[in-house]
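Number of protein chains: 4
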Amino acid sequence: MKNTFGQSLSVTLFGESHGPYIGAVLDGLAPGMDIDEDFIKHQLLLRRPSGRISTSRVEQDEYILASGVFNGKTTGTPLSILIPNTVQRSSDYENRPRIARPGHADYTASVKYHGYEDFRGGGHFSGRITAAIVAAGAIVIPALRKKNIMIGTHIKSCGGIKDRDFIDYQDDIKKLSDTDFPVLDDTKAFQIRQMMESVAKEGDSVGGVLETVVTGMCAGVGEPWFETVEGRLSYAMYSIPAIKGVQFGDAFDMVDKKGSEYNDSFCISGDHVETRTNHNGGINGGITNGMPIIFRCAVKPTPSIYKEQDSIDLKTKEEVKLKIEGRHDPAIIHRARIVVDSMTALTLYDMLAQRYGTDFFFGE
Amino acid sequence: MKNTFGQSLSVTLFGESHGPYIGAVLDGLAPGMDIDEDFIKHQLLLRRPSGRISTSRVEQDEYILASGVFNGKTTGTPLSILIPNTVQRSSDYENRPRIARPGHADYTASVKYHGYEDFRGGGHFSGRITAAIVAAGAIVIPALRKKNIMIGTHIKSCGGIKDRDFIDYQDDIKKLSDTDFPVLDDTKAFQIRQMMESVAKEGDSVGGVLETVVTGMCAGVGEPWFETVEGRLSYAMYSIPAIKGVQFGDAFDMVDKKGSEYNDSFCISGDHVETRTNHNGGINGGITNGMPIIFRCAVKPTPSIYKEQDSIDLKTKEEVKLKIEGRHDPAIIHRARIVVDSMTALTLYDMLAQRYGTDFFFGE
Amino acid sequence: MKNTFGQSLSVTLFGESHGPYIGAVLDGLAPGMDIDEDFIKHQLLLRRPSGRISTSRVEQDEYILASGVFNGKTTGTPLSILIPNTVQRSSDYENRPRIARPGHADYTASVKYHGYEDFRGGGHFSGRITAAIVAAGAIVIPALRKKNIMIGTHIKSCGGIKDRDFIDYQDDIKKLSDTDFPVLDDTKAFQIRQMMESVAKEGDSVGGVLETVVTGMCAGVGEPWFETVEGRLSYAMYSIPAIKGVQFGDAFDMVDKKGSEYNDSFCISGDHVETRTNHNGGINGGITNGMPIIFRCAVKPTPSIYKEQDSIDLKTKEEVKLKIEGRHDPAIIHRARIVVDSMTALTLYDMLAQRYGTDFFFGE
Amino acid sequence: MKNTFGQSLSVTLFGESHGPYIGAVLDGLAPGMDIDEDFIKHQLLLRRPSGRISTSRVEQDEYILASGVFNGKTTGTPLSILIPNTVQRSSDYENRPRIARPGHADYTASVKYHGYEDFRGGGHFSGRITAAIVAAGAIVIPALRKKNIMIGTHIKSCGGIKDRDFIDYQDDIKKLSDTDFPVLDDTKAFQIRQMMESVAKEGDSVGGVLETVVTGMCAGVGEPWFETVEGRLSYAMYSIPAIKGVQFGDAFDMVDKKGSEYNDSFCISGDHVETRTNHNGGINGGITNGMPIIFRCAVKPTPSIYKEQDSIDLKTKEEVKLKIEGRHDPAIIHRARIVVDSMTALTLYDMLAQRYGTDFFFGE
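Chains as they are written, first to last, in our numbering: chain D, 1 to 364; chain H, 1 to 364; chain S, 1 to 364; chain P, 1 to 364.
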């Protein structure tokens, strides 16, 4: 499998930035799940660029549910989502030398596809494709919520500015669900926005760290070798452009501590087992332990910058200078978080359906 | 798939710490590959505990090649490796209350398997199982080397002590291949050993960061969505007990830098394309770019410590105090690195065979 | 995987008879393959119903290549095909009691999907969906032909009338490629058509046997356990509605013979190995032997008949009489053959790309 | 995947006829399932050659459960089975020219594996490997029986002699479970044995048709495209050496009938839905309908015959005469049936666990 992931629920992604459609096929959904079209639109809106800190190309992100939905509910057969590309300014890209943009996939794609790739706007590697992931995620997130599984992601840090930690998971997740700039502390949100705008003026870009929490996952999901929860989620995260690091719990941040500090001791809370701390991020031996799953993703600075860079011409294989123009994001971390939420939801849906059967999310 | 990974080459792992055998099946190997039994023994030796900083249980790690080898070469049919468990001191574990060891999989396994798991010595979750991974890796590493693909891992940091950076990849990898304590700087190696012994005396444990480099990978391997090189390798790494974080290139370490600093600009070196820096760890858009693949793994402190901890009795579901006795490692990071090398080799073999066909490593 | 098959090349199918689109995603195509739009139309035409022996619903089978094609060639990224449903007469199906049509999937679908399936026109189970398979096949068949792999299927027998055997594979395959009624002997073709029309008048239906030959496959493709060529092809065939039996070579037809009669003895022909007979259908031990692959599919009589039948109401679970009206095929065997060719092509493309790498069909 | 099949339950097979071990790994078993060692031995006994109609090589088929079993029950982790090869008369095979046996995989294996395959006794292609399948099947058959799913296979016909049809499925399956010569009619059993012995004297061999029934499968299991029950079962069957045809229900046998004769009309029996006839073999649209699953496999005559045959020398590529000596079966159909039962059980276990979750067969 290449552009398909998942076993009980599998997601297939297709499309290029400047082709007629991008889309996704979700196969393995339970029948009878409610399709919440307002929610799909809401999620797409959270991914959509807006304001001075995003590209000025704004797609309407209309979508078509081309199959798998009947009378407002899933049928259980493959649900396909089509998103037309309507605002294509191909003249921005064509009839120019093909210069590899540093940090992008231009060069690697040209090697892999021998130059036959649709390179316009990054083609199949464009962040645009994540719109289909977000729409796909919006199909399964309501089903997870019905099972009390809540997912939320905030900007843990950006350009050296740190957001506050999660305090109350439920309240914080709710807050994050409603905002297109996912920072928990409003003052820090303001500072980060300002910093992004300032970086934009320099023609440069920034990255940061996203922190995700999943509450409500039952214990006992995952496999020791090799289908660990960490392995599955990190596999999913690395599909998201610009994510270059993933850690579960405190990992890199507590790597110099001792076992006596890192171990999460067990206790009984009411009628169920908990851990007193959660340095392991809700996962032991690759399997959920019932505590919140917590992970962080390193998002590298957006590679599209306006400063002159050294590069090569892909056709002539000569060194050239590159100065990117057109529409680009000085930061994508705030938009990436909804893609993180969506990939997380799709992965967990799959793992739960593998364990508990395809009817686990059956809608009645 | 649960205990199987890979597509063109698939690896299936089985066994428990105190059962008769652990083992692995490698399916999809090219025919005619040389089996180097000395190398298998050498690799197993690098994983084996030794000295004061490791458990006193020392298995001989004898192994049987039960199928797939004929006249000293692979046949192309499934190669199975059996490793008998010979030094089982089950009395250490049986007839005792089953208390969940914090940081271990005892609790999550008991939820997942409803108490039917073989819990002796961690059972299927035991680090012991990695011996089979190392033996499996030792089958494919020579084939990768014939293609000039070299893999090396050192302890980047441990307990706050940092090793030097790679200087000359080939020399450093060679050095690492021959030592059972993979630290590049000899002084730092001595300091880390001393620190480990001191921690052992406290009954505590340490973790650290492993850094891996792969040289010689051609450009153009990997898939954008979802079969990225990062996704595949991190998926593999998370199978290794105690690994809780993985990053490619500089990721978390350079997350506060700007795009102009993070981007790796392209240049022409002789007749091929290179990047001037390698912050992206040899991967753009999920696809290799021909530069060395570099990644780091966060290894949490070994959860087996001798200090008293709070925990629960898995049968009675009551809170109890736990004081672990028996044989355990105060640090496993130096032993884990050969497992990292092996999982890396198995993953890359698979990705290359998927792209170039099952005969890519054909031995003639 | 449910509605996806294949590994190196994977095909994902979606859509319902009365939804907005049906379609397929092909992932794993080599880059640079020529897209022959005339050939796609030609193949769709061979599947399309026509004349008195087919349903009077005639879709135009317009299609959209929504991704994966650039400048008339494959890009190597997922190629998606959308086929709009334009002639939907939903009033034929809605506001009626839901009576399970015998021989159809109405009942099994209602159990599997708990009544949430889109039942109109058979929904996801409709033969209509095979249009997407045929379009998908039309992407890869030209690539196979460039490698001298030719596929042809004729009606071996129908309603007791037998076609002649293959005489010259190349000539016969060519003849079959150009006709929408795939019978080699023209007299028999006429008789079968007449018989079908006569059966249509009775409101009944007929089935038959399709025989497929594949020439030009190299020896050495397939796996003994479990990925046999027979296993892969039969798996593919059983996806085609109405196919209930598959055999390779002479199988059921020579089951009473002895080993000395069934064995295909080897000989040398020029510089390569052949077998004197081909009772094994080009496959030994699950692996191609270089002889033509020959297999036959039993196509049951089309279940849609106009005679009154006993059945049940899916909602009330009461016994009722069913008299089907609307548009249906008295025979689909002549239309099914192009679906057989297409599934064969997609399966063999996948097996070859697995063995020889994703660039095996690279277009340059 | 090559030598692994299944998703929720996956089975990996390894070993060669003359290597130290053959074996299987079952991954995805529910925990807490009873292991019935007597039953494993019983099943192995039904596969074992015996008497004048079988090869005189008789392995004891000792087996080792090397992992995944604890206190007589499955743990839920991979269960591995090792079967030592004890009676190897390699001198029968070595130091001789390598002549391809017609009907065997000798030639195709030598092409696929470039001559590196372990050819002794057929190596990985030997019927011997099916012992591991039978042992694997013996792990899951008791779990299916607990769910009232019963599987039985008889020799429908052999050498022109036909067994009677099933009369009472439960009684007949019980009878078949206890005999090593699976013919329902005792007179026919005697005739078939006599015929086999007579064929053996000629140095020839016979094949036949096996008919399998599965009772107790619930409705609603299977997927329309492409994971049909027919596709999954036939894929499994074609792994069994000598099986060259598979059909579900009446297929080839009723191909000349009309839809009005072939359709299985629905009725209500007590509180559940049935069909009056079962020409479709319990499957509609690829999905079980709750009726018994019925399928037939064409078993070609055993290719090992003692008559002189034309063949080629695999090393010199010259035509030679072949006269096989050594130990071989004049008929394997009676031994193949327990392999059919086992592959059926493993496939259905997987499909049920995919649909209802990995705990569906949980043992408590």
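Ideal Cβ positions, reconstructed from N, Cα and C, are used throughout, including at glycine.
How about residue i and residue j: are their beta carbons less than 8 Å apart?
i, j, result
"residue 345 (chain H)", "residue 213 (chain H)", "no"
"residue 101 (chain D)", "residue 312 (chain D)", "no"
"residue 2 (chain S)", "residue 227 (chain P)", "yes"
"residue 240 (chain P)", "residue 340 (chain P)", "yes"
"residue 46 (chain P)", "residue 338 (chain P)", "yes"
"residue 331 (chain S)", "residue 245 (chain S)", "no"
"residue 68 (chain D)", "residue 30 (chain D)", "no"
"residue 259 (chain S)", "residue 205 (chain P)", "yes"
"residue 22 (chain S)", "residue 131 (chain S)", "yes"
"residue 266 (chain D)", "residue 107 (chain H)", "yes"
"residue 353 (chain H)", "residue 362 (chain H)", "no"
"residue 173 (chain P)", "residue 195 (chain P)", "no"
"residue 66 (chain P)", "residue 20 (chain H)", "yes"
"residue 12 (chain D)", "residue 12 (chain S)", "yes"
"residue 39 (chain P)", "residue 138 (chain P)", "yes"
"residue 224 (chain D)", "residue 181 (chain H)", "no"
"residue 104 (chain H)", "residue 292 (chain H)", "no"
According to DSSP, which residues form a beta bridge with residue i?
i, result
"residue 284 (chain H)", "H:287"
"residue 247 (chain D)", "D:296 and H:245"
"residue 150 (chain S)", "S:215"
"residue 321 (chain P)", "P:310"
"residue 182 (chain S)", "Answer is none; residue 182 (chain S) lacks a bridge partner."
"residue 142 (chain H)", "Answer is none; residue 142 (chain H) lacks a bridge partner."
"residue 358 (chain S)", "None, per the DSSP bridge assignment."
"residue 9 (chain S)", "Answer is none; residue 9 (chain S) lacks a bridge partner."
"residue 22 (chain S)", "S:15 and S:83"
"residue 226 (chain P)", "None; residue 226 (chain P) has no bridge partner."
Quick one: grab the DSSP three-state call for residue i.
i, result
"residue 107 (chain H)", "helix"
"residue 274 (chain D)", "strand"
"residue 34 (chain P)", "strand"
"residue 39 (chain D)", "helix"
"residue 349 (chain P)", "helix"
"residue 166 (chain D)", "coil"
"residue 257 (chain D)", "coil"
"residue 187 (chain D)", "helix"
"residue 2 (chain H)", "coil"
"residue 221 (chain H)", "coil"
"residue 210 (chain P)", "strand"
"residue 66 (chain P)", "strand"
Sorted by chain position, which residues of the same chain lie with C-beta nearer than 7 Å to residue i's C-beta, five sequence neighbours on each side aside?
i, result
"residue 277 (chain H)", "264"
"residue 127 (chain H)", "241 and 332"
Which residues in the same chain as residue i place their Cβ atom closer than 8 Å to its Cβ, once the five residues preceding and following it in sequence are excluded?
i, result
"residue 236 (chain H)", "5, 343, 344, 346 and 347"
"residue 185 (chain S)", "163 and 164"
Just to confirm my understanding: we take residue i, look at its own chain, exclude 5 residues before and 5 after, and list those with CB closer than 6 Å. What are they?
i, result
"residue 208 (chain P)", "155, 157, 158, 299 and 333"
"residue 322 (chain S)", "99, 309 and 311"
"residue 122 (chain D)", "17"
Since I believe residue j is in contact with residue i (beta carbons under 8 Å), could you give me their beta-carbon distance rounded to a whole number of angstroms?
i, j, result
"residue 221 (chain H)", "residue 33 (chain H)", "Their Cβ separation, rounded to whole angstroms, is 20 Å, which puts residue 221 (chain H) and residue 33 (chain H) out of contact at 8 Å."
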